[in-house]
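Mind the numbering: the sequence shown is residues 1 to 315 in full-length UniProt numbering, read in order. Ideal placement from N, C-alpha and C gives every residue a C-beta, glycine not left out.
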Amino acid sequence: MSANLVFIPFPIVSHLAAAKPFDHSPQHETTDGHEDHFPEELGVPSYVYFTSSAMSLQLFFHLQTLKDDHNHDFVEFKDSDFETTVPGYINPVPARVWSVAVFEEDIGFSGLIRKFREAKGIMVNTFLEFEHEVIKSLCNDEKIPPVYPIGPILQDGQQHTDQNEKKHEEIINTGCFGENQVKEIVVALEQSRTRFLWSLRKPPPKEKVEFAGECENPGEVLPKGFLERTVGFGKVIGWAPQLAVLAHPAIGGFVSHCGWNSILESVWSGVSIATWPLGAKQQANAFELVKEFNMTVEIKMDIRRIVMWLWVQRQ
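See below:
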């Protein structure tokens, strides 16, 4: 059967990626979120592949309904204490965890979600046992196409099978931070002497939409002597094969920005998460783990949006 697939990481236009055709048949079409319509008139059914969580999908549908049916202006809710009750959620969802796409009118958030409703079905990178209630809620909504949980879809990781190896409380940190935050992390790690593997990334230039870069020489951005003082219990690296590392039995915890793939990899590997969301969909994902599932530790920030080393030491 010919089909049209729409690959949606999350509804921000700059992140929409077109999928490649499965074969060379001219009837086999793929598209992305920039398309003005789905090719129903051609007799080609359309399916959405949503690569984030079912809870995010339900939140997007709910917010689109609030905007279209109840004339809500989401710009008014930005940086406010507004909360909304979403089907399938246990707790009201605060505006502070919504995706930035909701507040940016030029992105066309509502129009994109309306297109989702025209699809023949929506495939979500999740699994029923993990998000049972919200998946059930989505499937019971007659205004939403059939939802198919087809995850977890993970990159192949090298599984470590030595179960006799001692498990340490090691922490992985895969973030990119400003100079002040790096200093706080450094002090916390030295004071606590917690065994750690720190995947340090270089933040993108200010006012540029780019991915974090590789930190080729950690010694240039870390305080002098830190690498030497922690050589017995820690290691700072650049890029790391995350799933392979999480699968290692020595890993006892994962400090994560809460990208959906990272969450799935942690759950798949049975590794506890400390949530440290920075932006995009990460805030909503962290809310799901902390408030809805009560399965993670929330890292607290001060008024300057910095995690202080004293908090880490107390934990």
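With at least 16 other beta carbons inside 10 angstroms of its own, tryptophan 198 counts as buried.
For tryptophan 268, the enclosing alpha helix (DSSP H) stretches over residues 260-269. The beta-carbon separation of leucine 59 and valine 93, rounded to 6 Å, stays under the 8 Å limit for a contact.
Of the other Cβ atoms in all chains shown, fewer than 16 fall within 10 Å of the Cβ of glutamate 142; this residue is therefore exposed.
In the DSSP assignment, methionine 123 falls within the unbroken beta strand (DSSP E) covering 121-124.
Annotation: the continuous beta strand (DSSP E) that includes threonine 275 extends over 272-275. Secondary structure at leucine 197: strand, using DSSP grouped into helix, strand and coil. In this structure, the beta-carbon distance from isoleucine 122 to phenylalanine 130 does not fall below 8 Å. The three-state reading of DSSP puts phenylalanine 50 in strand, counting E and B together. Sixteen is the threshold: when 16 or more other Cβ atoms of the shown chains lie within 10 Å of the Cβ of valine 236, as they do, the residue is buried. Secondary structure of serine 99 (DSSP, three-state): coil.
Inter-residue distance for isoleucine 251 and proline 87 is about 36 Å (C-alpha atoms, whole angstroms). Around the beta carbon of asparagine 180, fewer than 16 other beta carbons sit within 10 angstroms, so the residue counts as exposed. Looking from the CA of methionine 295, the closest CA among Gly270, Gln282, Met55 belongs to Gly270. Judged by their CB atoms, leucine 264 and proline 149 are not nearer to each other than the 8 Å cut-off.
Annotation for valine 255: the continuous beta strand (DSSP E) segment containing it runs 251-256. Around the CB of asparagine 285, 16 or more other CB atoms lie within 10 Å, so the residue is classed as buried. The residues Val147, in chain order, have a CB closer than 6 Å to that of cysteine 139 in the same chain once the five nearest residues on each side in sequence are set aside.
Contact between glycine 238 and leucine 200 holds: their C-beta atoms lie close to 7 Å from each other, under 8 Å. Check the Cα spacing between glutamine 283 and each of Asp79, Val255, Ser99, Leu243: the tightest is with Ser99. Residue state for glutamate 129 is assigned as coil, using DSSP reduced to three classes.
The alpha-carbon of arginine 195 is positioned some 21 Å away from that of valine 267. In the DSSP annotation of this structure, the continuous segment of the beta strand (DSSP E) that includes isoleucine 237 starts and ends at 234-237. By the Cβ-count criterion, isoleucine 90 is exposed, with fewer than 16 other Cβ atoms from all chains shown falling within 10 Å of its own Cβ. For valine 147, the enclosing beta strand (DSSP E) has its first and last residue at 147-149.
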